[in-house]
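Trainee: Handing you a structure now.
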Amino acid sequence: MAKLIQTEEETMLQDAARALLDNSAPVSRLRALRDAGQTRDDALWQEMVAAGWAGILVPEAAGGVDMGHAAAHVLAREMGKTLTVSPFLSTAVIAVSVLRQLQDSRSQAALKAIAEGAHTYALALDEGAKFNPDRIELKAEKRGNGYVLNGEKRFVVDGGTADRVLVLAQSDDGLCLFDLAADREGLTRSSTDMIDSRDAADLTFENVELSGDELLGAAGDGASLLRFGLEAGQAALAAETTGLAQAAFGMTTDYLKERKQFGVPIASFQALQHRAAHLWCELELTSSAILHVGRMLDLDPGNATLAVSLAKARATDTAQLAVREGVQMHGGIGMTDAYDMGFYMKRARVAAEWLGDYGYHAAQVARMRGF
Amino acid sequence: MGGKMTTDTGIEFADTPDFRKKIRAWLEDNCPADMRDGASGEGANCWGGRNWVFSSEGQRTWLERCAAVGLTVPTWPKAYGGAGLSRDQEKILKEEMAAIGARSPLNSFGIWMLGPALLKFGTEAQKQEFLPPIARGEIRWCQGYSEPGAGSDLAGVQTRAEDKGDHWLVNGQKIWTSYADKADWIFALLRTDRDAPKHKGISFVLMDMRSEGISTRPIRLISGASPFCETFFDDVKAPKEQVVGEVNRGWDVAKYLLTHEREMISAGGQVMGSGRALGAVLANSETGLSDPVLRADAMRTEVDALAMELTLERYKDQAEGGQGVGDASAMLKYAGTELNKRRLELVMAAAGSEALNWEDGRAPTWLRTKANSIEGGTSEVMLSIISRRILGLGA
């Protein structure tokens, strides 16, 4: 197995990402978008496209740079540090990881459109309040060469603004995965006013007519096609969440050094020192899981499930601790909207639920470890 | 036959491309049947030394065969009794040993602690004199660090070594000396300059436990065992050449060694649990899998244990890549020992009343883990090291 150390190439990518994001997407950018009631930042996405990020997992033949999942995790982590608003995970990670399993010309064209920045994607999967890819009731009825979709999807991240939607539906032949334009007749998108000020929507499908060409793979292939897309997305989300946790932690330790009470910096209080040190240990453990899952997805993708769930579980848990401690150790200022820590706490909560929460992934780990 | 360098047990392991195949064959040929039961822990292994009584002929044979080819200390240089293996090869060796349930041929503080310190700080003469007997299991070492007044504040040691020209005259008391009553030699931190700042007046000194004036008294612990002793020094003469590193610079050696010790204790979870998943522990218990609270605790612990394993792997990779682990060993020690305590709490809870008698064996292991977060620096000291030296939080 490859070593669990960030390579020089990855460090260079990290530095480049940091420079781009600090310039175009500091946390103040999220604040400005929120204040303007917007959840989509086209200029930033086009900048990312130009930097090759949209095609980070797209094969070179389809116009991508094909740098692999560990590299995608470097980008996701850096985005997490400043709460970047972008369809990167939905589009460049999840949709690409689904599409590149298919060799047909429409899928290759779809990959090309993503790498070029022509299309963004959202994954419409959840139907209940909890992630459960095994319980899909949205119906796909066969009609002629095509299908008719009826049903509802909830918590579709990036679903309010995406150009295209991947939809998992139940048919007589089993689960089917469709790739359709988001402005299709009969598809109603209702944006949610999310606590993290990011895009999510509920989607209603009412007699949405699809051609056979919009079915990915064969009928009944939905679950297996989506599986790797989900794993890639879960791992990249874990990386993003870890970046979020690292940044919240950094803000907190900076504040401990700067804030004075009783005439001394509060960093001199052992009660706070030990909690900060404990949190740092948790971050170290989680970072190992992130490095590991990147290597697994790149080198042994068929056996990455344990590594994926471990990373998502750990990252979820660590980020929640980091933001709880972040607010508490900042005291009153941490509760104010003017201060950024609240953004981190709210994003951590949403990221915890998306693509499976701690309980879901811990149960996956337990199952694979013989529980 | 005559000119051949290898014998039945003398075999060149390093630098062979088909290392795994070769080591597997060697283990198959050489590991005695009764050393293949997968047993681990303090009671199951040979600790060596002048007074060691082998538990079986197999245990003796296993030690001798491994020592003959350097496999008691696989990564040490061949010149000092090792096999000169790389860490990747050592990993393969461990995997192959685990595959047949081979016991460790030799446990010792000489291997884990003194050896690494001598390799880094010892003179060539000291390496030649002390390392090969450690590798062969002939000399058993103990560590004289803590004192009644110097626990977490280790640099406060007061046991004195006075310069008497051709020797040191040692007086004082050590405590928590592991297996001092069974050890042949001791490496100890002694105060050689009482006027210097406390970290700068300490020397790292080696002494034969048969020296006149050394006595030991075992301490009975809550687990019923007595692995630790009090060690008394009453006008003990130690030859001058038995100082490792520079006089009054013993703290450097001690710090280096503590790093090793912390890594070792943090890896304890793997050693003691033999990598057995908690799921198996629960599955073999009466209510383990159906008790939702126990199950949830175990799942959480399993997630953290896997992340810990990867972190040990990552830090080893970093160390090999030339990036030192340094103060971060405090993290390994803190996280590893706290995790091991959680693990054994779960083992006890899953076992229920079955584990509440002394014969069962789980209770002493559970109780023993409570010392993990005290010995080698308490969890609280580790957190203070992290917050001050890594995070820069301080007064």
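Those protein sequence lines, which keep their order, are chains A and B.
Whatever position you read off the first sequence (first residue = 1), add 114 for my numbering.
Whatever position you read off the second sequence (first residue = 1), add 25 for my numbering.
No residue lacks a Cβ here, since even glycine has one placed at the ideal position from N, Cα and C.
The structure displayed is predicted, hence computed values, not measured ones.
Is it true that the CB of Ala-333/A sits closer than 8 Å to the CB of Val-422/A?
Mentor: No, the pair does not count as a contact, with Cβ atoms beyond the cut-off.
Trainee: Could you compute how far the alpha carbon of Gln-434/A sits from the alpha carbon of Met-459/A?
Mentor: Those two C-alpha atoms are separated by around 7 Å.
Trainee: Quick check: the Cα distance between Ala-305/B and Ala-452/A, rounded to an integer number of angstroms?
Mentor: Roughly 50 Å between the two C-alpha positions.
Trainee: When DSSP labels each residue in this structure, what does Thr-205/A get in the three-state scheme?
Mentor: Residue state, collapsed to three classes: helix.
Trainee: Do you know whose CA, among Val-406/B, Gln-168/B, Met-373/B and Gly-107/B, lies nearest Leu-231/B's CA?
Mentor: Leu-231/B has its Cα closest to that of Gln-168/B, out of Val-406/B, Gln-168/B, Met-373/B and Gly-107/B.
Trainee: Can you tell me which of Pro-252/B, Lys-265/B and Trp-193/B puts its alpha carbon nearest to the alpha carbon of Phe-258/B?
Mentor: Nearest of Pro-252/B, Lys-265/B and Trp-193/B to Phe-258/B, Cα basis: Trp-193/B.
Trainee: Would Gly-336/A and Leu-393/A qualify as a contact pair, given that the criterion is a beta-carbon distance under 8 Å?
Mentor: Contact flag unset, no.
Trainee: Met-333/B touches chain A at which residues, Cβ-Cβ below 7 Å?
Mentor: What Met-333/B touches in chain A: Leu-399.
Trainee: Take Ala-353/A and list the residues in its own chain whose beta-carbon comes closer than 6 Å to its own, dropping the five residues that flank it on each side.
Mentor: Hits under 6 Å: His-187, Ala-190, Arg-191 and Ile-404.
Trainee: Candidates Gly-275/B, Lys-199/B, Tyr-281/B and Arg-235/B: which alpha carbon is nearest Arg-242/B's?
Mentor: Selected option, being the one with the closest Cα: Lys-199/B.
Trainee: Kindly list, in the order they appear in chain B, the residues whose Cβ is closer than 8 Å to that of Gly-484/A.
Mentor: Within chain B, the residues near Gly-484/A are Ala-302, Gly-304, Ala-305 and Ala-308.
Trainee: Name the residue from Gly-386/B, Asn-309/B, Glu-266/B and His-285/B whose alpha carbon lies nearest to the alpha carbon of Ala-150/B.
Mentor: Comparing Cα-Cα distances from Ala-150/B to each of Gly-386/B, Asn-309/B, Glu-266/B and His-285/B, the minimum goes to Glu-266/B.
Trainee: Please tell me whether Thr-284/B has its Cβ less than 8 Å away from any Cβ of chain A.
Mentor: No, no contact with chain A.
Trainee: What does the Cβ neighbour count give for Trp-383/B, buried or exposed, with the cut at 16 atoms within 10 Å?
Mentor: It counts as exposed.
Trainee: Looking at C-alpha atoms only, which residue of Ala-360/B, Glu-400/B and Glu-379/B is the closest neighbour of Ile-411/B?
Mentor: Of Ala-360/B, Glu-400/B and Glu-379/B, the residue nearest in Cα terms is Ala-360/B.
Trainee: Going by C-alpha to C-alpha distance, which of Asp-59/B, Ala-208/B and Asp-385/B sits closest to Met-373/B?
Mentor: The residue with the shortest Cα to Cα distance from Met-373/B is Asp-385/B.
Trainee: Between which two residues does the alpha helix (DSSP H) carrying Cys-91/B extend?
Mentor: That run of the alpha helix (DSSP H) goes 82 to 93.
Trainee: Alpha carbon to alpha carbon, how far is Cys-71/B from Leu-89/B? Give it in angstroms, no decimals.
Mentor: In the sequence as displayed, the identity of residue 89/B is Glu instead of Leu. So the two alpha carbons sit approximately 11 Å from each other.
Trainee: Could you check whether the Cβ of Val-179/A sits closer than 8 Å to any Cβ belonging to chain B?
Mentor: Taking Cβ atoms only, chain B never reaches closer than 8 Å to Val-179/A, which makes this a no.
Trainee: Quick one: Cα of Gly-366/A to Cα of His-444/A, how far?
Mentor: Here the sequence assigns Thr to residue 366/A, which means Gly is not the residue at that position. Their Cα atoms are separated by approximately 7 Å.
Trainee: Just the Cα atoms here: how many angstroms apart are Trp-210/B and Gly-174/B?
Mentor: So the alpha carbons of these two residues sit roughly 23 Å apart.
Trainee: Asp-191/B to Ala-263/B, Cα distance in whole Å?
Mentor: Their backbone Cα atoms lie some 9 Å apart in a straight line.
Trainee: So which residues of chain B does Leu-405/A contact, with C-beta pairs closer than 7 Å?
Mentor: Going along chain B in sequence order, the residues near Leu-405/A (Cβ under 7 Å) are Arg-339.
Trainee: Does chain A have any CB closer than 8 Å to the CB of Ser-177/B?
Mentor: Not an interface residue.
Trainee: Taking contact to mean 3 or more Cβ pairs, one atom from each stretch, closer than 8 Å, check whether the segment 411 to 420 of chain A and the segment 337 to 346 of chain A are in contact.
Mentor: Contact holds: three or more Cβ-Cβ distances are below 8 Å.
Trainee: Between the Cα of Met-407/B and the Cα atoms of Asp-352/B, Asp-220/B and Lys-47/B, which residue gives the shortest distance?
Mentor: Selected option, being the one with the closest Cα: Asp-352/B.
Trainee: When the cut-off is 8 Å and only beta carbons count, does Leu-197/A lie next to chain B?
Mentor: Output row for Leu-197/A: interface = no.
Trainee: According to DSSP, simplified to helix, strand and coil, what is Gln-120/A?
Mentor: The answer is coil: DSSP assigns Gln-120/A none of H, G, I, E or B.
Trainee: Taking the C-alpha atoms as reference points, what is the distance between Ile-244/B and Gly-473/A?
Mentor: Each residue's Cα considered, the two are about 45 Å apart.
Trainee: For a cutoff of 8 Å on Cβ pairs, would you count Ala-184/A as touching chain B?
Mentor: No, its Cβ sits nowhere closer than 8 Å to a Cβ of chain B.
Trainee: Where does Thr-31/B land, buried or exposed, given buried means 16+ other C-beta within 10 angstroms?
Mentor: Confidence at Thr-31/B is low in this model, with a pLDDT of 37, below 50, so its placement is unreliable and no value can be given for it.
Trainee: Buried or exposed: where does Glu-398/A fall if 16 or more other Cβ atoms within 10 Å of its Cβ makes it buried?
Mentor: Buried, since its Cβ has 16 or more Cβ neighbours within 10 Å.
Trainee: Kindly list the residues whose CB is nearer than 8 Å to the CB of Leu-510/A, restricted to its own chain and excluding five residues on each side of it in sequence; keep chain order.
Mentor: Nothing can be reported for residue 510/A: it is not among the residues displayed for chain A, which extend from 115 to 485.
Trainee: Inspect the CB distances between the segment 320 to 332 of chain A and the segment 470 to 484 of chain A and report whether three or more fall short of 8 Å.
Mentor: They do not touch, by the three-pair rule.
Trainee: For a cutoff of 8 Å on Cβ pairs, would you count His-444/A as touching chain B?
Mentor: By this cut-off, His-444/A is not an interface position.
Trainee: Just to confirm my understanding: we take Arg-413/B, look at its own chain, exclude 5 residues before and 5 after, and list those with CB closer than 8 Å. What are they?
Mentor: So the qualifying residues of the chain are Gly-419.
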